Structure formats: C-alpha cells, structure tokens
Amino acid sequence: MTDSARTAPVAAAPAPAAAGSPPAGGNPVAPPGSRTPADVVTPALAARLTRPVVGSGTTVSHTPLTGLRLAELPVSTPDDVAEAFARAREAQQHWATVPVSARAAVLLRFHDLLLERQSEVLDLIQAETGKARLHAHEEVQAVAVGARHYGRKAPAYLRPKAHTGVLPVLTKVTELRHPRGVVGQIAPWNYPLELSVGDALPAFAAGNAVVMKPDTGTALTALWARELLVEAGLPEDVWQVVIGDGPVVGPALVAHADYVSFTGSTRTGREVAQGAAARLIGSSLELGGKNAMLVLHDADVEKAAAGAVRGCFSSAGQLCISIERLYVHESVADAFLERFTARAKALRLGTGLAYGADMGSLASRRQLDAVVRHVEDAVAQGATVLAGGRPRPDVGPFFYEPTVLDGVKPSMAVCAEETFGPVVSVYRFRDEDEAVALANATPYGLNASVWTADGRRGRAIAARLRTGTVNVNEAYAAAYGSARAPMGGMGESGLGRRHGSEGILKYTEAQTVAHQRVVPLAPAFGLDDATYAEVMTRGLRLLKTLRLR
-1 MTDSARTAPV AAAPAPAAAG SPPAGGNPVA PPGSRTPADV VTPALAARLT RPVVGSGTTV
59 SHTPLTGLRL AELPVSTPDD VAEAFARARE AQQHWATVPV SARAAVLLRF HDLLLERQSE
119 VLDLIQAETG KARLHAHEEV QAVAVGARHY GRKAPAYLRP KAHTGVLPVL TKVTELRHPR
179 GVVGQIAPWN YPLELSVGDA LPAFAAGNAV VMKPDTGTAL TALWARELLV EAGLPEDVWQ
239 VVIGDGPVVG PALVAHADYV SFTGSTRTGR EVAQGAAARL IGSSLELGGK NAMLVLHDAD
299 VEKAAAGAVR GCFSSAGQLC ISIERLYVHE SVADAFLERF TARAKALRLG TGLAYGADMG
359 SLASRRQLDA VVRHVEDAVA QGATVLAGGR PRPDVGPFFY EPTVLDGVKP SMAVCAEETF
419 GPVVSVYRFR DEDEAVALAN ATPYGLNASV WTADGRRGRA IAARLRTGTV NVNEAYAAAY
479 GSARAPMGGM GESGLGRRHG SEGILKYTEA QTVAHQRVVP LAPAFGLDDA TYAEVMTRGL
539 RLLKTLRLR
C-alpha cells in the first residue's frame, strides 16, 4: 500500500468536451451525472467537519476526479500533536470507567446512523478518492460489519476470564483486560472510511482514546465518521484528529502514543515499527502486498473471470488486498483470458457521484506515474498488453484503463513491485505445486485467491499459501468481510491483525490477578524443604494424570 502525498496542486482538468469520446478500442465512459465534487464539499461543510482538528496552519486538498481544489484544511504541528494527546489522555481516563456494554452500545448506534446517512459519506469518499460509488459502498459495508461485530462481541472479548491456577481450587486466577491508553493511528488515503473509523472502533470499545492522522487528501471522510460517532455517543475529546505531512506529524504521533496502528507502505511501516520499538510500545502494521490469484484446471472460467475483475480493478486497484498476479492453469488459460480481457475492456470509467461507473480514478499524479512506469517498462522489455495499457485524460487527469499484461518476466518492475493500480500480470502454470511455489515467491503475504470446482482442494491449497487471508472462489471480500476472523499480513505485509478477538485485544494490556488461598506456595505446616519438594513433585504428577492444563 502506498503512502500519502496528495495535497499538491495538479494540472488543470481536461476539457469536459472530451468526456464520453473514448479512443478507439478504449474503455467506455459512464455518464458524468449532474453533481460535482464542488456541489458536495462546500466551504461550510469543510469548516464544520474540520472544526475539531488541532491545527495552527492551513493547506488545501484536491479531488482526483477533476484535479480541482476541493477544500481548505487545517495543518498540525508537532506541538499541536502534543496538545491533541493531552486532550485525549484526560478524556480517556473517564471513558475507561464507562462499562464495556455502554461503550459497545455507541458502536451499535453508529452502525444505524451510518446506514441511514450513507449517501453523505459515499459522496465524500468519491470526491476525495475518485473511486466508483459501488467501491465506495464496500467501505460502508465493511465499517457496518465491524461496528456490529464489536458492538455485540466486545463485552465477551473484554470480560474477566477465570483460569486454572497453579494449585487448582487453592489458586484463583483472573485475567483482566485494561485499555492501553491513547492509541496513535495513521490512516491511508485509499479506504478513508474503513481504514480510519473501522480500525478505531475496537480501540474505543476497549476503553482507549485515539489520536488519528488521516491522509490530508481524504481527511474529510474520516472527520465525517468522527462527527457521526460523536452523535452516536462517543465523547468528543476521546477521538482527536491531526492533519499534516507524514514525515512531520507521523513521528510526533508515534512519540506520544501508547500503541500505534498503521496502514500504509512497507517502507514507512518499518520506520513506524522502529519508532514504536524504541519506546517499547506495541504496534500493528498492515502494509503492502503483491497478491496472487490461482485459477485451477477445474475452475468455472466464467465465474473466475468475473471474480478476477473484482479482485484486480476494485477502487482502480488501489487496494492492499487486490490481485496483481494471476496464475492460470495452462489447460484453461485461453478460455479464461478470453473472458477476462473482454470483461476488463467493457468496464465503464466514470467521474459521476452516483452508481453506474465500474471503475473510477487513480488518486493522484504519483499513483498514475507509478502505473505508467510499470506498464511502459514491461512493454519495453517484451510484455504484451491484452487490455488497457494507457491513461485516459479524456475522462479525468488520473484515469488509467484496466490493464492486463502477458509475458511478464522477473526483470520487469511490475513482476515483483507493488503497482497499486489497475494492472495485473498473467502467468501460466502446469500443476498445483508449481502454482503454490510461484504464488509464494514474494516477500509479501497479505491476501490470495484460489478458484476451483472442488472446495476441499481449494482449502487445501489455501493452507499452503503464505498469506494472512485466502479466499476460495472469491477475490478478497469473503475473508475481509468475515469480521470474527483475523485479517493481516505475513512477511513484509505487516504485523498484527485487525478483526476478531485479535483486532480488539491488541488495544489492551493483559493483567493476571492470582489469589492464593489456604496454603502458600512454600513449605508450610512444619514441612521441611525436602519433604515440601517431594509433596510438590507428587502433586505435579497427579495433575498431569488428571489431564489438567
């Protein structure tokens, strides 16, 4: 996943007259719609949402749909970050005393408000990221699932748990879970709702406060979520927001936090981990990926092609768990590629703030340049473009067609580097062992996909893949959307997990309280040391015989 840097002005938007006139063989263009980002993000809305930001400077954001100015935003300094943490610490002390059931109820109210007012945030997500509305709705779905899950399950995850003590009955042991304090959260631009409030919800349920640095270009979406959560009952100061450049604000946030949650690039993740380790605080890091999809010989190629389109081109490929490597069994490769490329070429590009477009824009000039570099390098070295392969300035400044490459070799940058755009490379394999070896031949390990008519075979292959999540007959949504199960990366794809018990317990400190009764764990009742040792030896043998753990 790439880092932020989306605040610099961009070139003027292309002439509107060009829209709807794709080049020969290019992807079609969906109708633009009647509303624009400027209609949605008014100065009054921006001023209202940014009111809580602790900041002493100003900057502006731009919409990738047109490249035009979107909103004026506050900018935070390291001193502002310190002030935000001071406010959060004071608020957290009271929030931690609120019963878990009451904290969880806030999440359930937020769930209902989010679904009722989703059109507001869908507009913001599209205006700030440029993604298609259906892909923006994936964020609403994910946040609603997470809010419901932790709203229902947080009391069970966090309740005191009794354990068998060293001397059963005589040693009463209880495990308690305490909030860490103030969590520092650095959220990326690509999924500004899910990867901001979605990751913060379990932290709040666990009794923490949060100081968040969203990406500057997508801060309004996170601030909208904050406003809604406050309306649902979260005390205002429990969630602080700071805005600014990562190299300035990020280290200041890590320097004050009791725990750090980061989603972004592997390079920056290493820096965050080093900063957290120096302070002996914990961190969770969801980083980059070069995710593989395996299409086995018995797969339904029609369904696999449709799944590959979802996996490769959702949010214009700017998804850390999207598919960038397609491994297809040689016996079905031709049939699969015929269907897949036809679907890719038919995807409708669009800028409209409404449903109808199949794919939106890349988020910035930086993202577009990275995509162009990978494709041009591959073509120069002999790769074949089966679909796409070109920018679409007639639609918007950062649009790029969904692209399928064949004949990619290890020397090409697109082979191993994360592209983070609508580009996928196709490779053929002879047998399943080869496919598994090829899929695992990467330092990353975030997500994978396996397509087969035999579910048992698919699950067996999934278990051999070195990734945090694997989807059988789906690209990414099945595993990610199953909020009771953990989600995260292996290798250079990160540390820690979101979702499930791990997704909330990471925001807590475990405390063991052991109450010893009747007899001490020492010689007593006149026993000398040797006799005490013999009695304990017999007792240990008996406990093993009784199969106590």
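The sequence shown: position 536 = 534 (the numbering used here), numbered continuously. Ideal Cβ positions, reconstructed from N, Cα and C, are used throughout, including at glycine. Here the structure is a predicted model, which means the values were calculated and not measured.
TODO: Name the two residues that bound the continuous alpha helix (DSSP H) containing Trp93.
DONE: Pro76 to Trp93
TODO: Would you be able to state if there are at least three C-beta pairs under 8 Å between the region 377 to 396 and the region 283 to 300?
DONE: no
TODO: Tell me whether Ser194 sits in a helix, a strand or coil according to DSSP, three-state version.
DONE: coil
- [ ] Output yes or no for whether 7 Å exceeds the beta carbon distance between Glu126 and Thr261.
- [x] no
Task: Local conformation of Asp256 per DSSP, three classes - done: coil
- [ ] Compare the C-alpha of Trp237 against each of Arg85, Phe338, Val58 and Ser480 and name the closest.
- [x] Arg85
Open item on the list: If you follow the alpha helix (DSSP H) that Ile502 is in, where does it begin and where does it stop?
Closed with: Gly498 to Leu503
Open item on the list: Closer than 8 Å is the cut-off here; do at least three beta carbon pairs connect the region 180 to 187 with the region 202 to 218?
Closed with: yes
Task: For Thr349: DSSP bridge partner residues - done: In DSSP, Thr349 forms no bridge with anything.
Task: Beta-ladder partner(s) of Thr467, from DSSP - done: Asn445
- [ ] Might you give, ordered along the chain, the residues of its own chain that have their beta carbon closer than 8 Å to the beta carbon of Leu589, omitting 5 neighbours on each side?
- [x] Residue numbering for the chain in the displayed model covers -1 to 547; residue 589 lies beyond these limits and cannot be assessed.
Open item on the list: Between the alpha carbons of Val73 and Arg515, how many angstroms are there, rounded?
Closed with: 57 Å
- [ ] Taking 7 Å as the cut-off, decide whether the C-beta atoms of Val195 and Asp121 are in contact.
- [x] no
Open item on the list: For Val299 and Tyr505, I'd like the C-alpha separation in whole angstroms.
Closed with: 43 Å
Task: Residue of Arg545, Gly354 and Thr535 minimising C-alpha distance to Pro26 - done: Gly354
- [ ] Please report the Cβ distance between Val119 and Trp222, rounded to the nearest whole angstrom; I am assuming they are in contact, meaning their Cβ atoms lie under 8 Å.
- [x] 5 Å
TODO: Look at the alpha carbon of Pro76 and the alpha carbon of Thr543, and state the distance between them as a whole number of angstroms.
DONE: 60 Å
- [ ] Measure how close the beta-carbons of Ser359 and His133 come, nearest whole angstrom, since I'm counting them as under 8 Å.
- [x] About 11 Å separates the two Cβ atoms, so there is no contact after all.
- [ ] Could you tell me which uninterrupted alpha helix (DSSP H) segments, each at least 4 residues in length, are contained entirely in the region 94 to 167, listed from first to last along the chain?
- [x] 98 to 114, 116 to 127 and 131 to 156
Task: Same chain, Cβ closer than 7 Å to His295, five either side skipped, listed in chain order - done: His327, Ser329 and Val330
TODO: Grab the span of the beta strand (DSSP E) containing His372 for me, first residue to last.
DONE: Note, His372: premise wrong, no beta strand (DSSP E); alpha helix (DSSP H) at Arg363 to Ala378.
Open item on the list: Looking only at its chain, what residues have a beta carbon closer than 8 Å to the beta carbon of Arg495, apart from the 5 residues adjacent to it on each side?
Closed with: Ser282, Gly466, Pro484, Met485, Gly486, Gly501 and Lys504
TODO: Can you give me the Cβ contacts of Ala376 inside the same chain, cut-off strictly under 7 Å, excluding the 5 residues immediately before and after it?
DONE: Leu403, Val406, Met410 and Val412
Open item on the list: Using a 10 Å radius around the Cβ and a threshold of 16 neighbouring Cβ atoms, would you call Ala140 buried or exposed?
Closed with: buried
Task: Burial state of His60, where buried means 16 or more other Cβ atoms lie within 10 Å - done: buried
- [ ] Provide the residue span of the alpha helix (DSSP H) that contains Glu328, from first to last.
- [x] Careful: Glu328 lies outside any alpha helix (DSSP H) and carries neither H nor E.
Open item on the list: Using a Cβ-Cβ cutoff of less than 8 Å, which residues in the same chain neighbour Asp235 once the five nearest sequence positions on both sides are dropped?
Closed with: Arg85, Ala86, Glu88, Ala89 and Ala207
- [ ] Would you identify the three-state DSSP class for Tyr530, choosing helix, strand or coil?
- [x] helix
- [ ] Look at Ala82 and Val240 and say whether their C-beta atoms are less than 7 Å apart.
- [x] yes
- [ ] Answer yes or no: does any C-beta atom of chain B fall closer than 7 Å to that of Arg175?
- [x] No chain B is present in this structure, which holds just one protein chain.
Open item on the list: Within the continuous alpha helix (DSSP H) that includes Ala431, where are the two ends?
Closed with: With the sequence shown as reference, residue 431 is identified as Asp, and Ala is not the correct amino acid for it. Glu430 to Asn438 is the span of the alpha helix (DSSP H), which, as asked, contains Asp431.
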